[in-house]
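So for the sequence shown, my numbering puts the first residue at 143; every next one is plus one. Glycine included, every Cβ here is placed at the ideal spot set by N, Cα and C. Each remark here refers to the structure printed beneath this line.
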Amino acid sequence: MHRQSPILRWRKFPERYRLEGNRCNRCGIVYFPKKELCECSCKEFSSFQLSGKGKILTYTEIKSSPEEFSEMTPYCVGIIELAEGPKITGQITDATVDELKVGDDVEQVFRKFLAVGDSGVIHYGVKFKKIE
Ligand SMILES: [Zn+2]
Numbered sequence: 143m144h145r146q147s148p149i150l151r152w153r154k155f156p157e158r159y160r161l162e163g164n165r166c167n168r169c170g171i172v173y174f175p176k177k178e179l180c181e182c183s184c185k186e187f188s189s190f191q192l193s194g195k196g197k198i199l200t201y202t203e204i205k206s207s208p209e210e211f212s213e214m215t216p217y218c219v220g221i222i223e224l225a226e227g228p229k230i231t232g233q234i235t236d237a238t239v240d241e242l243k244v245g246d247d248v249e250q251v252f253r254k255f256l257a258v259g260d261s262g263v264i265h266y267g268v269k270f271k272k273i274e
């Protein structure tokens, strides 16, 4: 793994929170994050905006976490299978672990993710919320 510069990470960022993936022009498989080579060996893709809707495949409660997240514990993290097929790890917000179950429908929400110390830098990330 080589290190990415902060600027490179920033450029990648909008794709992450907008859930922009890509779709193979030949077989139609949708990838998130984007890929450059499809499993059908095609290299031509179109940008594809994922709906942000999906189902919980698995989840867990995080009770202790790196210091910068400690204010938020406990919180739930899950693997979500998006409606278009890709799987993504994200925080599941507005629910306790007891309120979740495998197969629950969720949708992406846009929330403040993390404010870093006194610098006031705010990170946003992909989170999911159960659809009632
Ligand atoms: Zn393909």
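Closest by C-alpha distance to residue i, when choosing among the options
i, options, result
"V219", "A225, E181, R165 and D236", "D236"
"G227", "I273, V172 and L161", "V172"
Residue i - containing beta strand (DSSP E), residue span
i, result
"G220", "Y217 to L224"
"N164", "E162 to C166"
Contact test: residue i Cβ vs ligand 1 heavy atom, cutoff 7 Å
i, result
"I221", "no"
"I198", "no"
"I171", "yes"
"R97", "The structure shown does not extend to residue 97, since the chain is modelled only from 143 to 274, so the question has no answer here."
"C184", "yes"
"C166", "yes"
Residue i, buried or exposed, once every other Cβ within 10 Å from all chains shown has been counted against 16
i, result
"N167", "exposed"
"I234", "buried"
Inter-residue CB distance, residue i and residue j (contact presumed, cutoff 8 Å)
i, j, result
"I230", "F174", "6 Å"
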